[in-house]
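These notes are about the structure you will find just below.
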């Protein structure tokens with residue numbers, strides 16, 4: 001009983017400690033990758049959850065959609081028509097990118113865009129600082145420089161957000177209004193590119209984005225594995241949960257994009273799955289923030305993990 005009270009009091013005391021700076025510094029990175037022009041808060045949070053569960057979604061939007069097409073990305077496929085006036089069965093982005101003539105609605109689209117404030121750009125730079133600092137701390141642990149007692153896992157785990165942050169800082173423009181409401185029932189004409197090089201270039205960028213979003217997060221697991229004590233222990237296993245969720249969802253998102261996103265039922269199932277996965281990842285990140293700030297908690301987890309098989313054997317022997 002005393003042990004339970006001590007554990008509860010220690011947990012409550014820990015939760016009252018100041019939030020580590022590297023955790024606060026990563027919040028703008030999550031907000032940047034999950035930014036959307038939706039009007040309702042619930043829609044914004046659901047999109048952020050989906051981007052947190054599937055890095056490919058956020059990176060595809062920020063790194064593969066041209067600046068003059070970002071507002072068009074949020075439009076449904078019924079808003080796009082071919083040169084002959086017929087509807088196209090998919091949205092003209094990514095592997096099926098087409099030349100988009102948005103001159104007819106350029107003024108309405110421009111009303112949806114605003115310049116990023118200085119504070120928003122500085123907050124993005126803050127995320128870059130803590131992500132790079134966490135990466136440097138992790139490298140110092142791997143090569144035994146002994147520059148820190150422990151290294152923050154969250155910045156390295158979220159290092160895949162760096163391309164999106166770089167685009168936000170360099171571009172300085174963001175969507176603030178829902179383009180669906182501005183454009184209404186107007187149609188936007190699209191046509192095939194005059195040469196195949198432009199389309200092939202866009203397809204290559206999509207493939208690179210998918211490959212990076214699937215592989216890059218695993219760097220955090222490798223760094224945790226080679227940090228003392230070397231081995232596939234609780235830190236590596238915990239980060240493996242993130243990377244497994246991300247890689248699995250990235251593969252699903254890429255395949256879904258490749259098959260033209262035709263089936264509405266499949267679309268809805270995938271959205272629900274990504275939203276639930278994003279909530280789970282968010283909870284796991286909060287737990288990781290607590291664990292990363294206190295090495296003794298990792299030791300407790302390790303002891304519980306190794307004592308579990310022993311306790312099971314004792315029960316079976318009885």
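Residue numbers (full-length UniProt numbering): 1 to 318.
In this text, a Cβ means the ideal position worked out from N, Cα and C, and glycines have one as well.
Since we're looking at a predicted model, the values are computed, not measured.
Per DSSP, the unbroken beta strand (DSSP E) holding residue 175 starts and ends at 173–175. Of all C-beta pairs linking the stretch 94–102 to the stretch 236–244, fewer than three are shorter than 8 angstroms, placing the two stretches out of contact. In this structure, residue 163 and residue 62 form a Cβ contact; the two beta carbons are roughly 7 angstroms apart against a cut-off of 8 angstroms. Comparing alpha carbon positions, the residue from 190, 247, 291 and 263 closest to residue 57 is 247. Between residue 136 and residue 193, the alpha-carbon positions lie close to 43 angstroms from each other. As computed with DSSP, residue 99 is found in a beta bridge with 191. Sequence-distant partners of residue 101 (beyond 5 residues in either direction) whose C-beta falls short of 8 angstroms from its own C-beta, in its chain, are 188, 189, 190 and 191. When DSSP assignments are scanned along the stretch 239–278, no uninterrupted stretch of alpha helix (DSSP H) that is 4 or more residues long falls wholly within it. The DSSP-derived three-state label of residue 38 is coil. Residue environment analysis places residue 204 among the exposed positions, since fewer than 16 neighbouring C-beta atoms fall within 10 angstroms of its C-beta.
Within the same chain, 49 come within 6 angstroms of residue 279 by CB-CB distance, once the 5 residues on both sides are set aside.
When the Cα atoms are used, residue 186 and residue 82 turn out to be separated by approximately 13 angstroms.
The stretch 214–228 and the stretch 105–119 do not touch, with fewer than three beta-carbon pairs separated by less than 8 angstroms. When the beta-carbon positions are compared, residue 124 and residue 168 come within less than 8 angstroms of each other.
DSSP lists 173 as the bridge partner or partners of residue 115.
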